[in-house]
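Engineer:
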Amino acid sequence: TQLLEQSPQFLSIQEGENLTVYCNSSSVFSSLQWYRQEPGEGPVLLVTVVTGGEVKKLKRLTFQFGDARKDSSLHITAAQPGDTGLYLCAGALRNNNDMRFGAGTRLTVKP
Amino acid sequence: EPEVTQTPSHQVTQMGQEVILRCVPISNHLYFYWYRQILGQKVEFLVSFYNNEISEKSEIFDDQFSVERPDGSNFTLKIRSTKLEDSAMYFCASRRDSVTEAFFGQGTRLTVV
């Protein structure tokens, strides 16, 4: 089983629509990151959330860390074709040094 | 802006050969990682390295794999006898500490033929 469960696995929407993707776990994280990955490239960091209940905004992207630091969400407003990609969450566990990835949400935004 | 660099970007090797994938982490970072991603699949944890030793390794990281930080700047992943199923993108990452975000290199695409 995955330490971090991401949903949905695939999402295909029209330009201009809003969407939310989720990252859930039964474990508590000291921090959680969201990355975006394009084909053939490495994951690129979008945001880090550290404090339970924290909300961060990056232009049309809104990231939220759950109060218990076990889950996170990414909301995109008015999606654009340039938002197409694989969105990965990764968490740093509180009791060790490691980072684990969710399986990702593959987003396609059609013009 | 500091970045993690990986070389080579693409390596083709014959089955059974040894390969060494190289990474130069960000200079003031202390935690180092290798991940792999088979084409179209998820990013899988291989190994973490801190204080000149392996912190944790996954079940993928068997005796055929080893890591080394030979000179204080490079961080290498060696696969002793490559198998066809080792074909994947291999990503190196580094972090300043155990809480902050990790930064990734652009990856090495390993193709075993």
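As you go down the protein sequences, you meet chains Y and L in turn.
Basically the working numbering = 1-based index in the first sequence + 4.
Basically the working numbering = 1-based index in the second sequence + 4.
Every residue, glycine too, gets a C-beta built ideally from N, C-alpha and C.
Leaving out the 5 sequence neighbours to the left and right, which residues in its chain are closer than 7 Å to Y:Gly56 when beta-carbon positions are compared?
Structural biologist: Contacts found: Phe69, Gly70, Asp71, Ala72, Arg73.
Engineer: Return the first residue and the last residue of the beta strand (DSSP E) that L:Ile64 is part of.
Structural biologist: L:Ile64 -> no beta strand (DSSP E), and no H or E assigned at all.
Engineer: Just the Cα atoms here: how many angstroms apart are Y:Gln18 and Y:Pro115?
Structural biologist: Distance between the alpha carbons of Y:Gln18 and Y:Pro115: 6 Å.
Engineer: Please compile the residues from chain Y whose C-beta is within a distance smaller than 8 Å of the C-beta of L:Gln110.
Structural biologist: In chain order: Glu45, Gly46.
Engineer: Is it the case that the CB of L:Lys87 approaches a heavy atom of the ligand NAP more closely than 7 Å?
Structural biologist: As presented, the structure is devoid of all ligands, the ligand NAP included, so that no description of it is given.
Engineer: Y:Glu9 bridges to which residues according to DSSP?
Structural biologist: Y:Glu9 is bridged to Y:Asn28.
Engineer: Report the residue from L:Asp101, L:Glu63, L:Ser102, L:Pro74 whose alpha carbon sits nearest the alpha carbon of L:Leu25.
Structural biologist: Cα-wise, what sits closest to L:Leu25 is L:Pro74.
Engineer: Taking 6 Å as the limit between beta carbons, can you name the residues of its chain near L:Thr80, skipping five residues before and five after?
Structural biologist: Cβ neighbours of L:Thr80 beyond the five flanking positions: Ile24, Arg26, Glu72.
Engineer: With 16 as the cutoff for other CB atoms within 10 Å, does Y:Ala82 come out buried or exposed?
Structural biologist: Exposed: under 16 other Cβ atoms inside 10 Å.
Engineer: Give a yes or no on whether 8 Å exceeds the smallest Cβ distance from L:Val117 to chain Y.
Structural biologist: Not one chain Y Cβ lies under 8 Å of L:Val117.
Engineer: Using the C-alpha atoms, what's the distance from L:Ser98 back to L:Tyr54?
Structural biologist: If you take the alpha carbons of L:Tyr54 and L:Ser98, they lie about 10 Å apart.
Engineer: Report yes if the CB atom of Y:Gly108 is closer than 8 Å to the CB atom of Y:Leu90, and no otherwise.
Structural biologist: Taking 8 Å as the Cβ cut-off, Y:Gly108 and Y:Leu90 qualify as a contacting pair.
Engineer: Grab the span of the beta strand (DSSP E) containing Y:Asp75 for me, first residue to last.
Structural biologist: It spans 75-80 - the beta strand (DSSP E) in which Y:Asp75 sits, taken as one unbroken run.
Engineer: Give a yes or no on whether the minimum CB-CB distance between Y:Ser31 and chain L is below 8 Å.
Structural biologist: No, because no Cβ of chain L sits closer than 8 Å to the Cβ of Y:Ser31.
Engineer: According to DSSP, which residues form a beta bridge with Y:Ile17?
Structural biologist: Y:Val113.
Engineer: Provide the residue(s) that pair with L:Arg73 in DSSP beta bridges, ordered along the chain.
Structural biologist: DSSP output for L:Arg73 lists no bridge partner at all.
Engineer: Quick one: which residues of the region 24-49 of chain L get their C-beta closer than 7 Å to a C-beta of chain Y? List them in chain order.
Structural biologist: Flagged, chain order: Tyr35, Tyr37, Lys46, Val47, Phe49.
Engineer: My guess is that Y:Ser29 and Y:Leu65 are in contact by the Cβ rule of under 8 Å, so how many angstroms apart are they, rounded?
Structural biologist: That pair is no contact at about 21 Å.
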